[in-house]
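Trainee: Protein chains in written order, with the numbering used here: chain A, 1 to 203; chain E, 204 to 509; chain C, 510 to 1100; chain S, 1101 to 1586.
What follows is a single structure, and I will ask about it in a moment.
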């Protein structure tokens, strides 16, 4: 079960890295989040610890449902389905992702846990999306992918107290909500979410 | 003490005479008779009895300047041994002497600027220019003298050198350096022509163009005294043999005669120099002074590094 | 307390002497300021001026009194800050602001060098207290070089040694004249104090090598600045350069003292140090006098350009007499104070040579001495120029004709300074012998009494006065007989006189410009069109050749560095990741 | 329990500000709560001065000298900005730049920010610190974008993205660090005091990587170059009280968190040299910020770069180590916070009058706004380290320590950069204050003295710290130095 899930996460990562449509990106993210919540449930089932369930439930609720729904709604409203010009185009970003997977597996050789590696991969992917995309909304997704990586990383490496973990998850949620709101404002002020127009402050 | 005052008084009184002699020698060398040797006294007397005409642009500098110039000249005369030295006088620091002589220069240049006259400014500027170059020479000559005698006191220097029997080659080279400086400092040819009033040549005369009456008399007297003092200093530093070091009548008479002979010889030398060299362009004057400078350097090197 | 901030004060001779200088000079300058500030009442705040002025004076006293390197730096910086605010006091003039900024930056550089210096002292002794440092100079023995270099740079930048001088000819003319008088007369001396304190007291003397460095720097400064001074037409700029010249003189004599000290020629060394200290006092007096005089000219006419002035002696006679005394003092005319110290300086140069065995040393000292003699000649040249062109002759412009009356307090201040100048000159033997008694402490001989100079100056002064009186009496008698008449200037007979026929400031220094113009960036330009116009320009060569390229370079670099803020968020994100990767690699490899 | 008082107060204020329509009342309550905050912090300072440290709730709340210093700074700056925001927000409301709802959001987030700040300071749990940091990001994003114009939204977007990335990296670092200890992680083992005594990494390399990640990640929030871009952009667009708070508190607190981890890490033998991270990043920050300052056209941005420069100075002091260095760093962080607050508030006053942030549009402040002009000069002197202000002593101490330890290159660069930064600030401020523009006449604005009280208070703080750092505050500061470790 866990092997399948980690495979799903990695595959979704590679696919997402080359996607141009924002809608599909959101969907990919939602699938990824689903996989992560399933990971949590599985771990909870295996170890019998409650907080895995809670994290899984929160992830399921927020990342698989709320955020994708809100995001795709705003995509529909904003009519920004396509990334026209990428800074790192799909071809290169999928190659980069593949390379990062390879290097991660080489360097994190001594970790016997697939999810640590998957978390790392997601982090790198998030970075690639953040750097490679121009639309603010894709950047938001990129950031959320990074956060997914963080969650994976955290649950598979150490065990923390419940309250701390919940706080972490909640804060991440807050951040994504804030980003959503920001995207909304940006669209209102600039009539676009293309970050090319967000480079007036310099020097 | 008293003998010092007396010899200085003699120097002051005799100073115009030396100027007269110099002029007479020049005239004779040039082949005409020339004015009598006492002419400077007559000139001064004439000027003293004339009315003063001062420029309406002039300031208090014109009023006090000549007085201070003359005072400085007289004062420096009192600081110089002429034919007698005891070697233990309180006064006679070379530095003070040289700097007091520079008072004359200082006020002369100010007088030049005082009456809003173009010539005055010109002369003043040139004088200062020459002075600036001459200053290192003074330093070196003083250094040389100090190296030789370990003293700054001119009375002491004169005494030491008077009894000295060996005269080094450095001594002679330094003497030449001093002589050139003397010529430059006293506005003689080839640095300045004291006889003409031509724009091209004037330095010293240009500054006192608008001075008349007793002021002019003071300044003329002062420059005569200055020349005499410089020659005396020269003699006392570099050729003081025969100078009286004790208060005996014989020594004194011998010293006075020797002094006069030396004086006449040097007046002759200056006269010969003056009639045989044309006046230099202003911007060639530094070359002359540079020559003096190198003489001085050479003298010090010979003195010190041999 | 880790850092010892105890407010112990230095009470040795050095501090007391410099405090004496500060107070002695600042009193007449303060009296002068009372009248001078009146001019600013319309446009500027007088309260501001006074409070800054008082703070400035207090901070200088603080520097001299502080017995702790940190306290020293605090007062030092306060001195810089307050003087900066005084320099930009006439803020309505943009030039003043510019020169103020240059000044502040230079003084900051000086402060940083000093911090480095004290840092090194702290490193090797672990102390900040001066008295404790002096007890430990064995620790410093092998590290004196670096401390000396930093001291030279730090104090030299504040004092105006070449090539750290360019602020001086800018800040002094910009400041109100009473401030320039204090800055030039007193503040530069505080820098000299610091230098003596560190090099002579804290380091306990350094090797002759450093003495030569100092000697050469001082000589170079004096030569360079006096030629620049000669070429200036702005009175205050001229005076500012001349201040730097005097500082050069002081530093070279200090260098000589170091050389002699390290060669164990204590007697000559004491003489040199005495000469240096005495010249500090004297320069303070006559330079303050000259700056206040320039202030009076500015007050009366509104300009400080010599080529617009002239003939001021008629309207402001008292000032012109005081300034004449100052000019005579700076020209080393006996029996004024400038003469007293300058002759002492030259005497110690000559005397030192006789004692030194090494021929190479002698050669170098003689060369420096000769150069300084040239400088002394140049000093007279520039002093006569400044005085003659400004005060004598006829007015060269309308500004010099319509003159404001000068308040009495300004004249009183100047009169006191002139009096100082005379007293310090006439009674110089007493003062020199007094100072030398104490300077011996800094050359490691505790009880040392030596009269360098006989008391002949006093005697000669009396004689001089007697002779002048006699001649004056003679003149009076003559004048009774012959009348005095006033006419137009004769000048070999031309008759329609115009003021611009007089020699101008440019013309006066023209011969020197021909010879030394390259040092002052002198440029002459003759344009012949309908009329012939002659333009002469000077600039500071070092500033152009050294400072401007540095400033250009910094501007260039900053133009490049600014580019990293490109504005695009993706680039910023990649900065983070790239930094992350590089530092992880570096940390793994290197740490 | 003082904290319950503080938190309940802050939360009440926060809730109050959400629901009250009367902005004036909210602002006043905000001021009152911040005053109480200051009082509590000062009380705590006295207690810590006598006891050494305080710990509550099964050691999950832990305050020592190091954290009380941060609280002191935090409460002080909060207090000043609270007073400032009263007039500021009312003016903005009157001028219809922000709506009434925005004003309420302002006060809510203001308190949220203070709460997260307190969490960081008092938390013994390292994850708690992280949560607090994340909380500051959440709270300040909207504060920066408060005016909702294009530039401020851009700044806020950059801020939220870059800081979240940084915080995420820091999170990985923390987890790696805990993992490298190789022990079963429990509540206790997450405690800083616990880690301090028992942190023994199995894999040294992993510990190194962990600290590097923490440094880079949280360093993003501390404004180290080249992770600083959010900072300079955010400051130029944020409302002035927010800039003051971010600059005065947030940077310090982020550095404080890094230092907490540094204290743990440097105990491990073999990786003492991580201090070079501090030195190198400090040098890069100094260099870039100093040179960038020369080319600024926006005075708030200039101040932001000056903050980066000062962060460089502080971390240089910490990197040098030694009593002088760390003492200097701590002292500088305190003085700089208040000094920069002062400057940002003055800048806010200028913005509210001139409605521009461009340097070349402001002339002759000495005539138009003399009080603010004077404070601008004073602030400049404070942040550039001029005596008699304490920043001089701190800069001098750091320089001395650098020389003492033999970091000659770093010290030279440091001196060069403070010189350049000084020249840049001086040049700009002198131009703004004294130089005349095109206008014919310069009249004094009424608004000059309107909001000057908080500026004066920050000056009082600076003077207070300057006067007391060598006596009253000295025990606390030196204890904090000992905590960081010489």
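Beta carbons: idealized from backbone N, C-alpha and C, even for Gly.
1. Given that a residue counts as buried once 16 or more other Cβ atoms are within 10 Å of its Cβ, and exposed if not, what is residue 210 of chain E?
2. Between residue 1311 of chain S and residue 1361 of chain S, is the Cβ-Cβ spacing less than 8 Å?
3. Does residue 1077 of chain C get closer than 8 Å to chain A when you measure Cβ to Cβ?
4. Run down chain A in chain order and give the residues with a C-beta less than 8 Å from the C-beta of residue 1082 of chain C.
5. On the DSSP letters alone, give me the boundaries of the beta strand (DSSP E) that residue 1154 of chain S sits inside.
6. Please list the partners that residue 195 of chain A has in chain C, where partner means a Cβ-to-Cβ separation under 9 Å.
7. DSSP on residue 510 of chain C, reduced to helix/strand/coil?
8. When the distance is taken between beta carbons, is residue 808 of chain C closer than 8 Å to residue 522 of chain C?
9. Tell me the rounded alpha-carbon separation between residue 941 of chain C and residue 926 of chain C.
10. Let's see if you can read the secondary structure: which residues bound the beta strand (DSSP E) around residue 185 of chain A?
11. Counting only runs that start and end within the stretch 1480-1507 of chain S, where is the alpha helix (DSSP H) found for 4 or more residues in a row?
12. Between which residues of its own chain and residue 682 of chain C is the CB-CB distance below 8 Å, once the five residues before and five after are set aside?
13. For a contact meaning CB atoms closer than 9 Å, what does residue 1395 of chain S contact in chain C?
14. So, does the CB of residue 633 of chain C fall closer than 8 Å to a CB anywhere in chain E?
15. Would residue 657 of chain C count as contacting chain A if we go by Cβ distances under 8 Å?
16. Which chain S residues are close to residue 603 of chain C, counting only those with a beta carbon under 9 Å from its beta carbon?
17. Assuming contact is defined by CB atoms lying nearer than 8 Å, are residue 965 of chain C and residue 294 of chain E in contact in what I supplied?
18. For residue 1169 of chain S and residue 1178 of chain S, what's the separation of their Cα atoms in angstroms?
19. Can the beta-carbon of residue 1020 of chain C be found less than 8 Å from the beta-carbon of residue 485 of chain E?
20. Residues in its own chain within less than 8 Å of residue 153 of chain A by CB, not counting five upstream and five downstream?
21. Taking Cβ positions only, does residue 852 of chain C come closer than 8 Å to chain E?
22. With a threshold of 8 Å between beta carbons, is residue 25 of chain A in contact with chain C?
23. Determine the direct distance from the alpha carbon of residue 1457 of chain S to that of residue 1527 of chain S, and round the result to whole angstroms.
24. Using DSSP bridges, identify the partner residues of residue 481 of chain E.
25. Kindly give me the distance between the Cβ atoms of residue 789 of chain C and residue 701 of chain C, rounded to whole angstroms, as I take these residues to be in contact under 8 Å.
26. Where does residue 1456 of chain S sit, in a helix, a strand or coil, going by DSSP?
27. Given that residue 977 of chain C touches chain E, what residues does it touch there, using C-beta distances under 8 Å?
28. Going along the chain, which residues of its own chain have a beta-carbon closer than 7 Å to the beta-carbon of residue 892 of chain C, five neighbours each way excluded?
29. Taking residue 854 of chain C as the reference, give the member of C:665, C:728, C:920 with the closest Cα.
30. Expressed to the nearest angstrom, what Euclidean distance is found between the alpha-carbon atoms of residue 551 of chain C and residue 905 of chain C?
31. Would a C-beta distance cut-off of 8 Å place residue 1464 of chain S and residue 1534 of chain S closer than the cut-off?
32. Does the Cβ of residue 1560 of chain S have 16 or more other Cβ atoms within 10 Å, making it buried, or fewer, making it exposed?
33. Using the three-state DSSP reduction, which class does residue 135 of chain A fall into: helix, strand or coil?
34. Roughly how far, in whole angstroms, is the beta-carbon of residue 867 of chain C from the beta-carbon of residue 780 of chain C, given that I think they are within contact range, below 8 Å?
35. Using a Cβ-Cβ cutoff of 7 Å, what residues of the stretch 879-895 of chain C are near chain B? List them in chain order.
36. In angstroms with no decimal places, state the Cα-to-Cα distance between residue 1235 of chain S and residue 1477 of chain S.
Mentor: Well, looking at it:
1. Along the second chain, one-based indexing puts residue 210 of chain E at 7. So residue 210 of chain E ends up on the buried side.
2. Locating residue 1311 of chain S in the fourth chain gives position 211, where the first residue counts as 1. Locating residue 1361 of chain S in the fourth chain gives position 261, where the first residue counts as 1. Yes, Cβ-Cβ distance for residue 1311 of chain S and residue 1361 of chain S is below 8 Å.
3. On the third chain, position 568 is the one that residue 1077 of chain C refers to. Yes, contact with chain A.
4. On the third chain, residue 1082 of chain C is found 573 positions in, with the first residue counted as 1. Simply 127, 130, 131.
5. The sequence position of residue 1154 of chain S within the fourth chain is 54, counting from 1. Segment 1154-1156, the beta strand (DSSP E) holding residue 1154 of chain S.
6. Looking up residue 195 of chain A in the first chain gives position 195. Within chain C, the residues near residue 195 of chain A are 1077, 1078, 1079.
7. Here residue 510 of chain C corresponds to residue number 1 of the third chain, with the count starting at 1. For residue 510 of chain C, the predicted model reports a pLDDT of 43, less than 50, meaning its position is unreliable; a value from the coordinates is still stated below. Note: residue 510 of chain C maps to coil in three-state DSSP.
8. By one-based count along the third chain, residue 522 of chain C stands at place 13. By one-based count along the third chain, residue 808 of chain C stands at place 299. No.
9. By 1-based counting over the third chain, the position of residue 941 of chain C is 432. By 1-based counting over the third chain, the position of residue 926 of chain C is 417. Roughly 19 Å separates the two Cα atoms.
10. Within the first chain, numbered from 1, the residue matching residue 185 of chain A stands at position 185. Unbroken run through residue 185 of chain A is the alpha helix (DSSP H), 162-190; no beta strand (DSSP E).
11. 1490-1505
12. Position 173 of the third chain, counted from the start, is the residue given in the question as residue 682 of chain C. Same-chain partners within the cutoff: 608, 689, 743, 745, 746, 749, 813.
13. Locating residue 1395 of chain S in the fourth chain gives position 295, where the first residue counts as 1. What residue 1395 of chain S touches in chain C: 1064, 1067, 1068, 1070, 1071.
14. Here the question's residue 633 of chain C lines up with position 124 in the third chain. No, because no Cβ of chain E sits closer than 8 Å to the Cβ of residue 633 of chain C.
15. Counted from its first residue, the third chain places residue 657 of chain C at position 148. No - not a single Cβ of chain A is within 8 Å of the one on residue 657 of chain C.
16. Looking up residue 603 of chain C in the third chain gives position 94. The contacting residues are 1534, 1535, 1536.
17. One-based indexing of the third chain puts residue 965 of chain C at position 456. One-based indexing of the second chain puts residue 294 of chain E at position 91. The answer is yes: Cβ separation under 8 Å.
18. As a first step, residue 1169 of chain S is located in the fourth chain; it is residue number 69 there, counting from the start. As a first step, residue 1178 of chain S is located in the fourth chain; it is residue number 78 there, counting from the start. Straight-line Cα distance between these residues: approximately 14 Å.
19. Position 511 of the third chain, counted from the first residue, corresponds to residue 1020 of chain C. Position 282 of the second chain, counted from the first residue, corresponds to residue 485 of chain E. Yes. Within cutoff.
20. Numbered from its first residue, the first chain carries residue 153 of chain A at position 153. Around residue 153 of chain A: 115, 116, 119, 120, 123.
21. Numbered from its first residue, the third chain carries residue 852 of chain C at position 343. With 8 Å as the cut-off, residue 852 of chain C counts as an interface residue toward chain E.
22. Taking the first residue of the first chain as position 1, residue 25 of chain A is located at position 25. Closer than 8 Å: no.
23. In the fourth chain, residue 1527 of chain S corresponds to position 427, counting from 1. In the fourth chain, residue 1457 of chain S corresponds to position 357, counting from 1. The alpha-carbon atoms of residue 1527 of chain S and residue 1457 of chain S are separated by roughly 16 Å.
24. Mapped onto the second chain, residue 481 of chain E falls at position 278. DSSP lists no partner for residue 481 of chain E.
25. Residue 789 of chain C sits at position 280 when you count from the first residue of the third chain. Residue 701 of chain C sits at position 192 when you count from the first residue of the third chain. Residue 789 of chain C to residue 701 of chain C, Cβ: 6 Å. Contact.
26. As a working mapping, residue 1456 of chain S is identified with position 356 in the fourth chain. Correct three-state label for residue 1456 of chain S: coil.
27. Taking the first residue of the third chain as 1, we reach residue 977 of chain C at position 468. Neighbours of residue 977 of chain C on chain E, chain order: 270, 271, 274.
28. Taking the first residue of the third chain as 1, we reach residue 892 of chain C at position 383. Excluding positions up to five away in sequence, the list reads 836, 839, 840.
29. Taking the third chain and counting its residues from 1, one reaches residue 854 of chain C at position 345. Nearest of C:665, C:728, C:920 to residue 854 of chain C, Cα basis: C:728.
30. Reading the third chain from its first residue, position 42 is the one you call residue 551 of chain C. Reading the third chain from its first residue, position 396 is the one you call residue 905 of chain C. Rounded to the nearest angstrom, the two C-alpha atoms are 28 Å apart.
31. Walking along the fourth chain from the start, residue 1464 of chain S turns up at place 364. Walking along the fourth chain from the start, residue 1534 of chain S turns up at place 434. Taking 8 Å as the Cβ cut-off, residue 1464 of chain S and residue 1534 of chain S qualify as a contacting pair.
32. Your numbering for residue 1560 of chain S matches position 460 in the fourth chain. So residue 1560 of chain S ends up on the exposed side.
33. Stepping through the first chain from its first residue, residue 135 of chain A is reached at position 135. Strand at residue 135 of chain A.
34. If you number the third chain from 1, residue 867 of chain C lands on position 358. If you number the third chain from 1, residue 780 of chain C lands on position 271. No, residue 867 of chain C and residue 780 of chain C are not in contact; Cβ-Cβ is about 19 Å, not under 8 Å.
35. In the structure shown, chain B cannot be found, because the protein chains are A, E, C and S.
36. Start at 1 with the first residue of the fourth chain, and residue 1235 of chain S comes out as number 135. Start at 1 with the first residue of the fourth chain, and residue 1477 of chain S comes out as number 377. Residue 1235 of chain S and residue 1477 of chain S: Cα-Cα distance of roughly 35 Å.
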